[in-house]
Structures are given as structure tokens and as C-alpha cells.
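Working notes, structure below.
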Amino acid sequence: MDGTGAPAVEHATVVIRGAAIEAAGPAGQVKIPSGAAVTDLHGKVLMPGLADMHVHLLGGWDGHAVDMLGYRRYMNALLYAGVTTVLDTGNVQPYIVQLRAETAAGRLLGPHIYCVGGIVDGADPVWPP
23 MDGTGAPAVE
33 HATVVIRGAA
43 IEAAGPAGQV
53 KIPSGAAVTD
63 LHGKVLMPGL
73 ADMHVHLLGG
83 WDGHAVDMLG
93 YRRYMNALLY
103 AGVTTVLDTG
113 NVQPYIVQLR
123 AETAAGRLLG
133 PHIYCVGGIV
143 DGADPVWPP
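Using this note's numbering, the first residue of the sequence shown is number 23, and each one after it goes up by one.
Listed below in C-alpha cells is the structure:
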């Protein structure tokens, strides 16, 4: 699957160099570089990472402390489901910005994070001032 809406390509070859897809197409039409490691994905589906454009990365904020283990569990669950990009549409801003920095630097495993500014809402005892 290429994510464009075109039909899935049966018996495809995908060449990956580093972190980038170098070539993809029907088997026999894509040249496999000599010495390349080959992984047989027969019976599997290879598709682009999914993007969830409305999440609240609520791992744990109880009004006083942050539950980073909760955040990590949520981020791992997203990756396990194939979600590689998220848009957090409202949260405790400093923590989401820190999560974004940690994942971007490779110190924390998780999807690529986009986030919005602070929450615009009425008073709520859960959200910090």
C-alpha cells in the first residue's frame, strides 16, 4: 500500500537505505542492490505509518505531578498500532513540548509529535494555572 488510494501492489519490492525508502514497485521491476539484506514479507502488509490528528497524550497529570510511565505506555501503544505521527490537540503544554523534544532526540520511543498551544476553555481544577 502506498497511501495514495491506489490498489495494493502484490509481490512488491521495497529498497530501504538508512531511514529512507529508495525504491518501491512490483517485484522484478525494482533492482535490489548487491549485498543488500533481504527480508521476506510474504503474506504481510507494508504500508506508510498512520497519522492520528486528534490525540491527547494523557499519560498522567493529576494536577500535581506527571506520570511519565503513563506517557511512555501510551506512546508505545500508538507505535504498536502503526501510528507514527500525532497531533496533540490540547494538553498540559510544557509536558507535551518536552515529550516532543525527547522523541525527536531519540531519547524516548514514540511517534512524531505535533502540538497546539494551551487549552482554551473554562476553569477546571485539573489544569494548572
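Ideal placement from N, C-alpha and C gives every residue a C-beta, glycine not left out. Bear in mind that the values here come from a model prediction, so they are computed numbers and not experimental data.
Counting other Cβ atoms within 10 Å of its Cβ, Met75 stays below 16 and is therefore classed as exposed. Check the Cα spacing between Val67 and each of Gln120, Thr125 and Ala34: the tightest is with Ala34.
Here Ile54 carries a coil assignment [DSSP, helix/strand/coil]. Beta-bridge partners assigned by DSSP to Tyr117: none are found. Between Gly71 and Val105, the C-beta spacing is below 8 Å. Of all C-beta pairs linking the region 42 to 62 to the region 90 to 103, fewer than three are shorter than 8 Å, placing the two stretches out of contact. According to the DSSP assignment, Arg94 belongs to the alpha helix (DSSP H) that extends over Met90 to Tyr102.
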